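Chemist:
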Amino acid sequence: MVYIGMVEDKLKDWLQARISLGRYRHSLGVLEAVTGLAERYEVAAAPLRQAALLHDCAREFTNEELVATAEEWGLPVRDIDRLSPVLLHGKLAVEIARRDLGLSEPAMMSAVRWHTAGHPEMTLSDKLFYLADVTEPTRHHDWVADLKALALEDVDRALLMAIGINTDHLDRTGRTVDPDTYVLRELLLQGSTG
Ligand SMILES: [Fe+2]
Ligand SMILES: [Fe+2]
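Numbering-wise, our numbering comes out as the position in the sequence shown, counting from 1, plus 515.
(1) Evaluate Trp588 with the Cβ neighbour count: other Cβ atoms within 10 Å of its Cβ, from every protein chain shown; 16 or more gives buried, anything less gives exposed.
(2) Would you report the Cα separation of Leu603 and Arg593, rounded to the nearest angstrom?
(3) Taking DSSP as the reference, what is the three-state secondary structure of Ile595?
(4) Does DSSP classify Val692 as helix, strand or coil?
(5) DSSP three-state call for Ile534: helix, strand or coil?
(6) For Asp686, which residues from the same chain have a beta carbon less than 6 angstroms from its beta carbon, with the 5 sequence-adjacent residues on both sides left out?
(7) Which same chain residues end up closer than 6 angstroms to Leu546 when comparing Cβ atoms and leaving out the 5 residues on each side of it in sequence?
(8) Can you list, in chain order, the stretches of the alpha helix (DSSP H) that have 4 or more residues and sit fully within the stretch 562-634?
(9) From the DSSP output, in three-state form, read off Gly679 for me.
(10) Specify, as a first and last residue, the run of the alpha helix (DSSP H) that Glu668 falls within.
(11) Is Ile519 helix, strand or coil when you go by DSSP?
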């Protein structure tokens with residue numbers, strides 16, 4: 516069924532039925548965090564609030580489901596996605612929003628698509644979403660407070676810090692880093708992203 520212009524409460528019910536309670540709470544945390552960042556930087560909050568409730572809707576798919584669904588829907592599946600299928604969950608979420616809910620607001624889709632690994636073409640709105648995902652109130656790592664403070668001061672520096680934390684973690688746990696993340700990091704270091 517397609518719910519055009521679905522109200523936020525309906526979207527919350529839809530999400531709650533699909534994911535674990537912990538991940539649902541995380542999504543509500545992202546909703547709160549991204550609203551604050553959108554206000555701070557004067558970007559449209561509505562698409563990002565929608566993105567918060569959609570971005571992890573496929574995060575609990577098994578590796579097999581992630582790859583099989585992406586293939587079934589004709590989405591590009593790179594070698595690295597086969598190695599680390601979790602990289603597909605944002606791209607699948609965009610497609611689920613469009614197919615199941617009829618939601619296709621460009622800023623929402625872009626934020627959801629790039630929230631996992633980042634991307635060289637991220638907009639300010641996408642960057643704020645990425646930062647909200649890692650600093651939302653249910654995250655309790657020791658670096659969260661510093662990153663949150665930096666996000667209010669300098670988005671690109673905060674994003675560099677977030678990427679560094681993410682790639683260190685992936686390296687330490689023997690997992691693969693998406694090449695898009697490295698390209699984004701280079702651009703941020705050169706000071707040349709959107
Ligand atoms: Fe995610
Ligand atoms: Fe998330």
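For glycine and all other residues, C-beta sits at the position ideal for the given N, C-alpha and C. Values in this document were obtained by computation on a predicted structure and should not be read as measured data.
Modeler: Considering the structure as presented:
(1) Taking the sequence shown and counting its residues from 1, one reaches residue 588 at position 73. Its Cβ having fewer than 16 others within 10 Å, Trp588 is exposed.
(2) Position 88 of the sequence shown, counting from 1, holds the residue named residue 603. Position 78 of the sequence shown, counting from 1, holds the residue named residue 593. So the two alpha carbons sit approximately 10 angstroms from each other.
(3) In the sequence shown, residue 595 corresponds to position 80, counting from 1. The answer is helix: DSSP assigns Ile595 an H, G or I state.
(4) Reading the sequence shown from its first residue, position 177 is the one you call residue 692. Residue state, collapsed to three classes: coil.
(5) As a position in the sequence shown, residue 534 is number 19, starting the count at 1. The answer is coil: DSSP assigns Ile534 none of H, G, I, E or B.
(6) Taking the first residue of the sequence shown as 1, we reach residue 686 at position 171. No residues qualify anywhere along the chain.
(7) Here residue 546 refers to the residue found at position 31 of the sequence shown. Excluding residues within five positions, the ones whose Cβ falls inside 6 angstroms are Arg564, Ala567.
(8) 578-587, 594-598, 604-616, 621-628
(9) Mapped onto the sequence shown, residue 679 falls at position 164. Gly679 falls in the helix class under three-state DSSP.
(10) In the sequence shown, residue 668 corresponds to position 153, counting from 1. Glu668 -> alpha helix (DSSP H) spans 659-668.
(11) Translated into positions along the sequence shown, residue 519 becomes position 4. Caution is warranted here: a pLDDT of 45 is assigned to Ile519, below 50, making its placement in the model unreliable, and no coordinate value can be reported.
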